[in-house]
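Quick note: the sequence shown uses my numbering, first residue 183, plus one each step.
Virtual Cβ for every residue (Gly too), placed ideally from N, Cα, C.
Quick notes on the structure that follows.
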Amino acid sequence: MIKPYSISLHNGTKWSRQHNIRGAGLAEKEAHIDPNGYHKAFIDVPLRESYFQTFGQAILEYNAKQTRADRQIVDYLAKVKDEHKRSPSKKPHASYEMILTIGNRDNHPSVKKAEEVAEAWLEEFQKRNPNVVVFGAYFHADEPDSAPHMHVDYYYVKRENKRGLSLQVSQNGALNEQGYFPKKEDGKFVTPQTQFQRDSRELLRSISQEKGLVVEERSGHREQRQHLDTELYKKQSELNRVEQELNEKSRELKEKRRKAQSLEKRVEKARFEHETLTEQNRLMEMKAPNEIQLGILVNENSRLKKALSLFQKAFNVVEKVTKALTFPSGQSVWDKLKNKLFKGLDEQDYKHFQEVRHDPDLFGKESKSKAKTINVNRDFER
């Protein structure tokens, strides 16, 4: 005996386009998604773009009638969101999402048959609900722990308006125009939204049957909301949401840790550069007095070199003159002078005298070549 498939349809206000379109890298972030699984987008229009397509002309016409710029509408989507935030019990959400499922994880039709039913339901749903604009419809068969299902993202449009925009976002207004009004059933008050959701669910049931599927018969709407599969689906959806939030927090933590490590490296680099600069400044402070002292010594050395150079030149003149003179005894005055000089100096002083006397660096550029030819041993022999 074939076990009938359950029929479930959930309605909410939270949705994620990135999740629905299976954006790049999503499977890595959400572990319950099979990256190789099948999924398909029947409709995919960004919400802001859909708002422009639906309300753009109405906004232009409305703004053209306004004499004050502050009454013109610049961003209708933002306006709707802001109004709901300020008055959530009176103003509608900017968008909603339905999730349709045939069967459950352990008992569901084939992916091909589930997709066929979902596509047929979407087409008929749009025909029956002209005041409901669907901007996203996504079939998912890539979650191993869930039955194939479809996300339907939409918003309500009230088309008959005496004040304001000719087209406006209004849940009650849109449903009233389609014939949904508050009423009592079995002594219970039933809202237009509940009736709309119930009819959408029953449309899924009837199309499933038309496509040859055996499904559970409709139960009382009060008991149906307590259907076990529905509760399990809600728990699974909540678990998926928690896992997604956990993954997001984990990515945020990793990013903060990466930034902290980067900042730590920058601080370490700055500390090193500061220490290096401090050391350089210290060396520069030490270098300044040394450079002054070095300058003094260089000047003194230059002065002494000039003095010694004059000494060499003067001694050369003395040598030249005394070599031309002789005593009556016939002895050369130069020889007498050498003997006196030699006897008046000790050996160390005499050696030093010879080094200075014949140092070519003290003769000047024009005399260096001449100085190199002087034979020290011949000049002063002991």
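Open item on the list: So, with DSSP's three-state summary, where would you put K344?
Closed with: Position 162 of the sequence shown, counted from the first residue, corresponds to residue 344. It is coil, neither helix nor strand.
Open item on the list: Based on DSSP bridge pairs, tell me the residues matched to I284.
Closed with: Residue numbering aside, residue 284 sits at position 102 when the sequence shown is read from its first letter. The partner list for I284 (beta bridge, DSSP) reads I189.
Task: Closest residue to I284 among K273, S277, A300 and K505 (Cα-Cα distance) - done: As a position in the sequence shown, residue 284 is number 102, starting the count at 1. Ranking K273, S277, A300 and K505 by Cα distance to I284 puts A300 first.
TODO: With DSSP collapsed to three states, give me the class of Y220.
DONE: The residue labelled residue 220 in the question sits at position 38 within the sequence shown. The answer is strand: DSSP assigns Y220 an E or B state.
TODO: Could you give the DSSP three-state label for K365: helix, strand or coil?
DONE: In the sequence shown, residue 365 corresponds to position 183, counting from 1. K365 falls in the strand class under three-state DSSP.
Task: Same chain, Cβ closer than 8 Å to K273, five either side skipped, listed in chain order - done: Position 91 of the sequence shown, counted from the first residue, corresponds to residue 273. Result list for K273: V262, E265 and H266, in chain order.
Open item on the list: Can you look up Q200 in the DSSP assignment and give me helix, strand or coil?
Closed with: Residue numbering aside, residue 200 sits at position 18 when the sequence shown is read from its first letter. Q200: helix per DSSP, three-state reduction.
Open item on the list: Using CA atoms only, rank isn't needed, just tell me which of R230, Q443 and D257 is closest to L242.
Closed with: Your numbering for residue 242 matches position 60 in the sequence shown. For the residues R230, Q443 and D257, the minimum Cα distance to L242 belongs to D257.
Open item on the list: Count Cβ pairs between the stretch 299-313 and the stretch 197-213 that sit closer than 8 Å; are there 3 or more?
Closed with: no
Open item on the list: Classify K488: buried if its beta carbon has 16 or more other beta carbons within 10 angstroms, exposed otherwise.
Closed with: For the purposes of this step, residue 488 is identified with residue 306 of the sequence shown, where counting begins at 1. The residue in question, K488, is exposed, as its Cβ has fewer than 16 Cβ neighbours within 10 Å.
Task: Residue burial classification, T333 (beta-carbon count within 10 angstroms, cutoff 16) - done: Within the sequence shown, numbered from 1, the residue matching residue 333 stands at position 151. A small fix is needed here, since residue 333 is His in this sequence, not Thr. Buried is the call here.
Task: Residues bridged to E279 [DSSP beta-bridge criterion] - done: As a position in the sequence shown, residue 279 is number 97, starting the count at 1. Paired residue(s): G194 and D335.
- [ ] Look at Q426 and N193 and say whether their C-beta atoms are less than 7 Å apart.
- [x] Here the question's residue 426 lines up with position 244 in the sequence shown. Here the question's residue 193 lines up with position 11 in the sequence shown. Result no, Cβ atoms of Q426 and N193 do not sit closer than 7 Å.
- [ ] Give a yes or no on whether the C-beta atoms belonging to Y220 and L347 are separated by under 7 Å.
- [x] Taking the first residue of the sequence shown as position 1, residue 220 is located at position 38. Taking the first residue of the sequence shown as position 1, residue 347 is located at position 165. No, these two residues do not count as a Cβ contact at 7 Å.
Open item on the list: If you reduce the DSSP assignment to three classes, tell me which class E548 lands in.
Closed with: As a first step, residue 548 must be located in the sequence shown, where it is residue number 366. With a pLDDT of only 45 at E548, under 50, the local geometry of the prediction cannot be trusted, and no value is derived from it.
- [ ] Take every Cβ of the stretch 318-331, pair it with every Cβ of the stretch 356-372, and state whether three or more of those distances are shorter than 8 Å.
- [x] no
TODO: Tell me whether A240 is buried or exposed, calling it buried when 16 or more other Cβ atoms sit within 10 Å of its Cβ.
DONE: Residue 240 sits at position 58 when you count from the first residue of the sequence shown. So A240 counts as buried.
- [ ] Pick helix, strand or coil for A356, following the three-state DSSP scheme.
- [x] For the purposes of this step, residue 356 is identified with residue 174 of the sequence shown, where counting begins at 1. Looking at A356 - three-state DSSP - the assignment turns out to be helix.
TODO: Have a look at S352, A319 and F307 and flag the residue whose alpha-carbon is nearest the alpha-carbon of Q199.
DONE: Taking the sequence shown and counting its residues from 1, one reaches residue 199 at position 17. Checking the sequence shown, residue 199 turns out to be Arg, not Gln. It is A319 whose Cα lies nearest to the Cα of R199.
Open item on the list: Within a Cβ cutoff of 8 Å, which residues of the same chain sit near L386, ignoring the five residues on either side of it in sequence?
Closed with: Here residue 386 corresponds to residue number 204 of the sequence shown, with the count starting at 1. Around L386: I189, L191, L282, I284, V299 and W303.
- [ ] If I'm right that L349 touches F237 with Cβ under 8 Å, what's the distance once you round it to whole angstroms?
- [x] The residue given as residue 349 occupies position 167 in the sequence shown. The residue given as residue 237 occupies position 55 in the sequence shown. The Cβ separation is near 6 Å, so the contact holds.
Task: Which of helix, strand or coil DSSP assigns to K393 - done: Sequence index remark: in the sequence shown, residue 393 carries index 211 (1-based). K393: coil per DSSP, three-state reduction.
- [ ] May I ask you to report which of helix, strand or coil DSSP gives G318?
- [x] Taking the sequence shown and counting its residues from 1, the one referred to as residue 318 is at position 136. Three-state result, G318: strand.
Task: N429 and K196 closer than 7 Å at C-beta - done: Residue mapping note: residue 429 aligns to position 247 of the sequence shown, counting from 1. Residue mapping note: residue 196 aligns to position 14 of the sequence shown, counting from 1. Not a contact, by the Cβ cut-off of 7 Å.
- [ ] Leaving out five residues on either side along the sequence, give the residues of the same chain with a beta carbon under 7 Å from the beta carbon of Y362.
- [x] Position 180 of the sequence shown, counted from the start, is the residue given in the question as residue 362. Closer than 7 Å at the Cβ level, and outside the excluded window around Y362, lie P374, Q377 and F378.
TODO: Give me the Cβ distance between Q353 and Y338, rounded to the nearest whole Å; I'm assuming they're in contact under 8 Å.
DONE: Within the sequence shown, the letter at position 171 stands for residue 353. Within the sequence shown, the letter at position 156 stands for residue 338. Right, their Cβ atoms sit about 5 Å apart.
- [ ] Please classify A323: does DSSP put it in a helix, a strand, or coil?
- [x] Residue 323 sits at position 141 when you count from the first residue of the sequence shown. Correct three-state label for A323: strand.
Open item on the list: DSSP has V372 in a bridge; who is on the other side?
Closed with: Walking along the sequence shown from the start, residue 372 turns up at place 190. DSSP, once it has assigned bridges, lists K365 as partnering V372.
Open item on the list: Just list the residues that DSSP pairs T458 with in beta bridges.
Closed with: If you number the sequence shown from 1, residue 458 lands on position 276. According to DSSP, T458 bridges with nothing at all.
Open item on the list: In the DSSP output, what is T508 paired with across the bridge?
Closed with: Taking the first residue of the sequence shown as 1, we reach residue 508 at position 326. Paired residue(s): S514.
Task: Residues bridged to D226 (per DSSP) - done: The residue given as residue 226 occupies position 44 in the sequence shown. Its beta-bridge partners are G318.
TODO: State buried or exposed for M468, treating a residue as buried only when at least 16 other CB atoms are found within 10 Å of its CB.
DONE: Here residue 468 corresponds to residue number 286 of the sequence shown, with the count starting at 1. M468 is exposed by the Cβ-count criterion.
TODO: Out of G526, K431 and V314, state which residue places its alpha-carbon closest to the alpha-carbon of S232.
DONE: Numbered from its first residue, the sequence shown carries residue 232 at position 50. Ranking the options by Cα distance to S232, first place goes to V314.
TODO: Answer yes or no: do T504 and L519 have a C-beta to C-beta separation smaller than 7 Å?
DONE: Against the sequence shown, residue 504 aligns to sequence position 322. Against the sequence shown, residue 519 aligns to sequence position 337. For T504 and L519, yes; Cβs fall inside 7 Å.
TODO: Report the option in L527, T508, R539 and G394 whose CA atom is closest to the CA atom of S491.
DONE: The residue you call residue 491 lines up with position 309 of the sequence shown. Ranking L527, T508, R539 and G394 by Cα distance to S491 puts R539 first.
- [ ] Count the other CB atoms, across all protein chains shown, that sit within 10 Å of the CB of G355; report buried if there are 16 or more and exposed otherwise.
- [x] Taking the first residue of the sequence shown as position 1, residue 355 is located at position 173. G355 is buried by the Cβ-count criterion.
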